[in-house]
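Going from the sequence shown to this note's numbering is simple: count from 1 and add 199. Notes follow the structure.
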Amino acid sequence: MTIAELQLSAAYRLAQRNLGAWLEQGSAGLRQRAFHARSALAPLDPAERARLARWLAWLCVAGRSRGDDALPARLRRLDARLHRAVERALPLLPAGMAPMREPSRMLSA
Numbered sequence: 200m201t202i203a204e205l206q207l208s209a210a211y212r213l214a215q216r217n218l219g220a221w222l223e224q225g226s227a228g229l230r231q232r233a234f235h236a237r238s239a240l241a242p243l244d245p246a247e248r249a250r251l252a253r254w255l256a257w258l259c260v261a262g263r264s265r266g267d268d269a270l271p272a273r274l275r276r277l278d279a280r281l282h283r284a285v286e287r288a289l290p291l292l293p294a295g296m297a298p299m300r301e302p303s304r305m306l307s308a
């Protein structure tokens, strides 16, 4: 274990574990996983919610690089407040890491 891992609260680790399971879950059991993920978010303090949003922002970037843009929409359906936090965290990632909202379309004359 690293020092950073030791400083994470039990509530944060539970929320991250439940969100990770929800992200990897197929269609079977999805509602139950979503319920567990939502309930694990409740005890987080604002700093932990921001940390979790940054983790999810990185997952959005990773998904975008693989051509998978589904995570932001899934997050919006799971928890709108968390989705907004992820949207706020994306521009705070290091330069060039945040995915563009819409691909720019250049028109030629």
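Beta carbons: idealized from backbone N, C-alpha and C, even for Gly.
query	result
ARG232 versus ARG276: straight-line alpha-carbon distance, rounded	13 Å
Continuous alpha helix (DSSP H) stretch holding LEU251: start and end	245-264
beta-carbon GLY262 near the ligand PLP non-hydrogen atom, thresh 8 Å	No copy of the ligand PLP appears in this structure; indeed no ligand is present at all.
First through last residue of the alpha helix (DSSP H) which encompasses GLY219	209-223
Between the CA atoms of ALA269 and TYR211 - distance to the nearest angstrom	24 Å
Among ALA294, SER208, GLY266 and ALA284, the one whose alpha carbon lies nearest that of TRP254	ALA284
For ASN217 and GLY246, believed in contact at Cβ under 8 Å, the rounded distance	Residue 246 is actually Ala in this sequence, not Gly. Not quite, the Cβ-Cβ distance comes to about 19 Å (not below 8 Å), so this is no contact.
For ALA239, the three-state DSSP class (helix, strand or coil)	helix
Exposure of GLN215, with buried meaning 16 or more beta-carbon neighbours within 10 Å	buried
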